[in-house]
Amino acid sequence: MLAEAEKMLIRATELSPDDPYPWSQLIWTGTGLEVSKGDILERFTSMQERDPSYIYGWLAVVPSLAKKWGGSHELMFAVAPHGDRELPAGSVGRVGIVCAHEERRLCL
Numbered sequence: 001m002l003a004e005a006e007k008m009l010i011r012a013t014e015l016s017p018d019d020p021y022p023w024s025q026l027i028w029t030g031t032g033l034e035v036s037k038g039d040i041l042e043r044f045t046s047m048q049e050r051d052p053s054y055i056y057g058w059l060a061v062v063p064s065l066a067k068k069w070g071g072s073h074e075l076m077f078a079v080a081p082h083g084d085r086e087l088p089a090g091s092v093g094r095v096g097i098v099c100a101h102e103e104r105r106l107c108l
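Going by the numbering used here, the first residue of the sequence shown is number 1, and it counts up by one from there.
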């Protein structure tokens, strides 16, 4: 089922190349399909190229890089602070660092 969703989302990226939404959802399908963390980061980069503050991308990438999904706290915290440092005040994409701290807390 995830593989089929993945195909549809890839098609969505072709039909609407400026839309960050399919890229954010490809992070989730990639996590479920256990693609490499490098692939997850490529999907996140593609989302950021369309809208660096897109909240659904940030809400997807942080848990996808977390230890519980085969990543690591180090990798998660290497990515999460970028939104906080690089996005303007009030940007919803800055939520990444908060999500990372919550993911870490859940592992305690």
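From the three backbone atoms N, C-alpha and C, an ideal C-beta is built for every residue, glycine too. Please read all numbers here as calculations on a predicted model, not as lab measurements.
For residue j and residue i, the rounded distance between their alpha carbons
i	j	result
T29	C107	23 Å
V61	D51	14 Å
D19	Y56	12 Å
K37	A66	10 Å
E34	G83	24 Å
A100	G90	18 Å
E73	G32	The question names Glu, yet the displayed sequence has His at residue 73. Cα to Cα, H73 sits roughly 19 Å from G32.
With 16 other Cβ atoms within 10 Å as the buried cut-off, status of residue i
i	result
L26	buried
M76	buried
P88	exposed
P81	exposed
I40	buried
A78	exposed
E103	buried
R43	buried
P22	buried
T127	No information on residue 127 is available, as it lies outside the stretch 1 to 108 that the chain covers here.
Secondary structure of residue i, DSSP reduced to three states
i	result
G71	coil
A66	coil
M1	coil
P17	coil
P88	coil
Inter-residue CB distance, residue i and residue j (contact presumed, cutoff 8 Å)
i	j	result
M8	S24	Contact flag wrong, Cβ pair sits at about 14 Å.
S53	V92	6 Å
E95	W69	Correcting the residue type first, residue 95 is Val in the shown sequence and not Glu. Their Cβ separation, rounded to whole angstroms, is 18 Å, which puts V95 and W69 out of contact at 8 Å.
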